[in-house]
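Chemist: The structure that follows is given in the form of structure tokens.
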Amino acid sequence: MNNATYISIFYIFAAITVFSAAFVVFSKNVIYSAFALLFTFFGVAALYVFLSADFIAVTQIVVYVGGILVLLLFGVMFTNSIMQADLKSDVLHVVPGTLLLVATVGGLLFTFYTTGTWKPSDVQLHGSVVERIGIETMSRYVLPFEMASILLLAVLIGAAFLARYDKVRNNEQ
Amino acid sequence: MSVSAISQISLPFLMGNNLNAWSDALAGLTISWFPLGLVIIAAIPLVFIALYALTYGVYGERKISAFMQDRLGPMEVGKWGILQTLADILKLLQKEDIVPTSADKFLFVIGPGILFVGSFLAFAVLPFSPAFIGANLNVGLFYAIGIVSLEVVGILAAGWGSNNKWSLYGAVRSVAQIVSYEIPAAIALLCGAMMAGTLDMQQISVLQSGPYGFAHFFLFQSPIAWLPFLIYFIASLAETNRAPFDIPEAESELVAGYFTEYSGMKFAVIFLAEYGSMFMVSAIISIVFLGGWNSPLPNLGSVALYDWTSGPVWGAFWIISKGFFFIFVQMWLRWTLPRLRVDQLMYLCWKVLTPFAFISFVLTAIWEIYVP
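Chains as they are written, first to last, in the numbering used here: chain A, 556 to 728; chain B, 11 to 382.
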């Protein structure tokens, strides 16, 4: 694949990501916002591929599209009168909003330009990163990994407890 | 002509027989700036899905179901009704494209599109032959499991966009089923990945090749492998909404699920997506447990059946036949087993398949570590 094709594909995905993200924010229909998130997540996953982070790209699809987006859509769909709700707020704070925006963008750009480690590495990444991710997770990052798994287990048990069919209460009614 | 010359026939386009030789050669093919080869690589699975859905998917399924029910099936159009599918396609093309007045036009239109893209994207990592794979990703298997979640969003878009309570409930039923069965399916495939030690689909296939044919397949390499194989097969039926897990559709009792409002070409696209994912899960199960493009025939002394039936073209033949075999089993089950109720469905997923998937995961890990 030559360079021009590569760059044009990159810009197509970048445009998909940015425009769908803008649509998520500016759309007044919550359902449309939720579906536009699909394209944002998809575009971000494609950008990860451009960074040779295949594993993270697929994880992005699995976790965000398969998990979070579906949950979000279910939540939106099961909410009453979602289509009638007027999403535009009456109160607009233009000046504080602009200040916050300028501060955030300025801060990000400042960090980006002053931190010297944001350069592409000299060594091109070759071969599979999956093994290295696995080994790092089970050796150096084993404590955070185990803590996350215990947290998720607790959440799972809690969800099952809340959703459980309560026999005692149903007999009383 | 000597016998070894048979494998020499598999040298079309003079591209050689090396791993991924055809797809690499195609990927390099550009006309001035336009990457024509990449478009061709993407078009090959698309044409394959269309052809197989027309012939085996529609006509074959109707005939097979007819024979199983002691009927004849379509017999009017052409000899043995061979041209019935063409007549159906013409009918679908001519049909008025109805969009319900109160439907959400945008979601109604993109729903089937997202659904088809979701099922088609997984074909990128299926090795169709030792010399051909769309994208040789080192996370291929993980990608194939993960990309199915796009289909889920397509189903929700179709169900919500129809603005019909049966469609919406059908979509929710379908999504709940797919999301739940992804868990045992993924754990079962993880057992296969553990036996291979890689997620690269082409490498998984290479690891299962050898002169004894089927004896090298992962299904026969460990005494526990049949358990994840069975679990993945059952879960894949649920993921593709096939019987006995077809309550998302259940035309006879629950209206037709998320595609109630669809007609004409949009309906055809939904069906193409369904046939696409049927072949996809069949190909994945044959790659992970049954050797993918490897020939199942062993070398018997001087009768070198394995050597004669290996090579890029034979590889394509084997993986497609294995996929078609599993699709046949899916059709067979459809006309044999009754539908599961929704609570039985969830019981099977969470209380039977998931614990057994974990058991097979642990047993496979023990086998892989302690048995050389």
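Just so it is clear, CB atoms sit at the ideal spot from N, CA and C, and this is done for glycine as well.
Looking at the strands, I want to know which residues DSSP matches up with residue 41 of chain B.
Modeler: Beta-bridge pairing links residue 41 of chain B to B:44.
Chemist: Classify residue 312 of chain B: buried if its beta carbon has 16 or more other beta carbons within 10 angstroms, exposed otherwise.
Modeler: Residue 312 of chain B is exposed by the Cβ-count criterion.
Chemist: For residue 578 of chain A, which residues in the same chain have their Cβ closer than 6 Å to its Cβ, ignoring the five residues on either side in sequence?
Modeler: These residues qualify, in order along the chain: 591.
Chemist: Give every residue of the same chain whose Cβ lies closer than 7 Å to the Cβ of residue 564 of chain A, excluding the five residues on either side of it in the sequence, and list them in chain order.
Modeler: Closer than 7 Å at the Cβ level, and outside the excluded window around residue 564 of chain A, lies no residue.
Chemist: Comparing alpha-carbon positions, which option in B:295, B:236, B:230 lies nearest residue 246 of chain B?
Modeler: The shortest Cα separation from residue 246 of chain B among B:295, B:236, B:230 belongs to B:295.
Chemist: Could you tell me the alpha carbon to alpha carbon distance between residue 608 of chain A and residue 125 of chain B, rounded to whole angstroms?
Modeler: Between residue 608 of chain A and residue 125 of chain B, the C-alpha separation is close to 26 Å.
Chemist: How many Å lie between residue 352 of chain B and residue 186 of chain B at the Cα?
Modeler: Distance between the alpha carbons of residue 352 of chain B and residue 186 of chain B: 10 Å.
Chemist: For chain B, find out if any of its Cβ atoms is closer than 8 Å to the Cβ of residue 593 of chain A; answer yes or no.
Modeler: So yes, residue 593 of chain A belongs to the interface.
Chemist: So what's residue 209 of chain B in DSSP terms, helix, strand or just coil?
Modeler: In this structure, residue 209 of chain B counts as coil in the three-state DSSP scheme.
Chemist: What residue range does the beta strand (DSSP E) around residue 137 of chain B cover?
Modeler: 137-139 is the extent of the beta strand (DSSP E) around residue 137 of chain B.
Chemist: Quick one: what's got a C-beta closer than 7 Å to residue 166 of chain B's C-beta in the same chain, skipping five residues either side?
Modeler: If we look at residue 166 of chain B and ignore the five residues flanking it on each side, its Cβ neighbours are 181, 185.
Chemist: By the criterion of Cβ-Cβ separation under 7 Å, what are the contact partners of residue 610 of chain A in chain B?
Modeler: Simply 149.
Chemist: Residues in its own chain within less than 7 Å of residue 333 of chain B by CB, not counting five upstream and five downstream?
Modeler: Excluding sequence neighbours, residue 333 of chain B sits near 289, 292, 293, 296.
Chemist: Classify residue 260 of chain B as helix, strand or coil using the three-state DSSP reduction.
Modeler: Coil, per DSSP.
Chemist: Is the CB of residue 156 of chain B under 8 Å away from at least one CB in chain A?
Modeler: For residue 156 of chain B, the answer is yes, since a Cβ of chain A falls inside 8 Å of its Cβ.
Chemist: Checking the sheet assignment: what are the DSSP bridge partners for residue 309 of chain B?
Modeler: DSSP, once it has assigned bridges, lists B:314 as partnering residue 309 of chain B.
Chemist: When DSSP builds the beta bridges, which residues end up paired with residue 143 of chain B?
Modeler: Paired residue(s): B:137.
Chemist: Please name the residue in B:106, B:112, B:201, B:53 whose C-alpha comes closest to that of residue 379 of chain B.
Modeler: Considering only alpha carbons, the answer is B:201.
Chemist: In three-state terms, what does DSSP make of residue 127 of chain B?
Modeler: DSSP places residue 127 of chain B in helix when its eight states are reduced to three.
Chemist: Using CA atoms only, rank isn't needed, just tell me which of B:155, B:301, B:154, B:232 is closest to residue 216 of chain B.
Modeler: When only C-alpha atoms are compared, the closest one is B:301.
Chemist: State the Cα-Cα distance for the pair residue 168 of chain B and residue 277 of chain B, rounded to the nearest angstrom.
Modeler: Using only the alpha carbons, I get a separation of about 11 Å.
Chemist: For the segment 77-116 of chain B, list the beta strand (DSSP E) runs that are entirely contained and at least 3 residues long, ordered along the chain.
Modeler: Those beta strand (DSSP E) runs which fall completely within the segment 77-116 of chain B and span 3+ residues do not exist here.
Chemist: Assign residue 117 of chain B to one of two classes, buried (16 or more other C-beta atoms within 10 Å of its C-beta) or exposed (fewer than that).
Modeler: Answer is buried; the Cβ neighbour count reaches 16.
Chemist: Tell me, to the nearest whole angstrom, how far the beta carbon of residue 610 of chain A is from that of residue 149 of chain B; I am working on the premise that it is less than 8 Å.
Modeler: The pair is a contact, with the Cβ atoms about 5 Å apart (cut-off 8 Å).
Chemist: Flag residue 19 of chain B as yes if its beta-carbon sits less than 8 Å from any beta-carbon of chain A, otherwise no.
Modeler: Below a pLDDT of 50, predicted positions are generally treated as unreliable, and residue 19 of chain B, at 40, falls in that range; the measurement from the model is reported next regardless. Not closer than 8 Å to any Cβ of chain A, the Cβ of residue 19 of chain B fails to qualify, so no.
Chemist: Kindly list the residues whose CB is nearer than 6 Å to the CB of residue 662 of chain A, restricted to its own chain and excluding five residues on each side of it in sequence; keep chain order.
Modeler: There are no such residues.
Chemist: Starting from residue 185 of chain B, find everything on chain A with Cβ-Cβ shorter than 9 Å and list it in chain order.
Modeler: The answer, in chain order, is 625, 628, 629.
Chemist: Listed from N- to C-terminal order along the chain, which residues in the segment 158-183 of chain B have their beta-carbon within a distance smaller than 8 Å of any beta-carbon of chain A?
Modeler: Result list: 158, 159, 160, 162, 163, 166, 167, 170, 178, 182.
Chemist: Taking a cut of 8 Å between CB atoms, which residues from the segment 205-221 of chain B lie near chain A?
Modeler: Within the segment 205-221 of chain B, the qualifying residues are 208, 209, 210.
Chemist: Is there at least one Cβ from chain A nearer than 8 Å to residue 189 of chain B's Cβ?
Modeler: Cβ-Cβ to chain A under 8 Å: yes for residue 189 of chain B.
Chemist: I'd like to know whether the C-beta of residue 402 of chain B is nearer than 8 Å to at least one C-beta of chain A.
Modeler: Residue 402 of chain B lies beyond the range of chain B shown here (11 to 382); nothing can be said about it.
Chemist: Can you list, in chain order, the residues of the segment 571-601 of chain A whose Cβ is nearer than 7 Å to any Cβ on chain B?
Modeler: Result list: 586, 590, 593.
Chemist: Closest to residue 45 of chain B by C-alpha separation, out of A:602, A:561, A:593, would be which residue?
Modeler: Residue A:561 is the option with its Cα nearest to residue 45 of chain B.
Chemist: Assuming residue 299 of chain B and residue 239 of chain B form a contact by the criterion Cβ under 8 Å, report the distance between their Cβ atoms to the nearest whole angstrom.
Modeler: At roughly 5 Å, the Cβ-Cβ gap stays under 8 Å, so residue 299 of chain B and residue 239 of chain B are in contact.
Chemist: Going by CA-CA distance only, name the one from B:194, B:241, B:172 that's closest to residue 111 of chain B.
Modeler: With distances taken between Cα atoms, residue 111 of chain B lies closest to B:172.
Chemist: Measuring CA to CA, which of B:109, B:264, B:303, B:95 is closest to residue 178 of chain B?
Modeler: Closest by alpha carbon: B:264.
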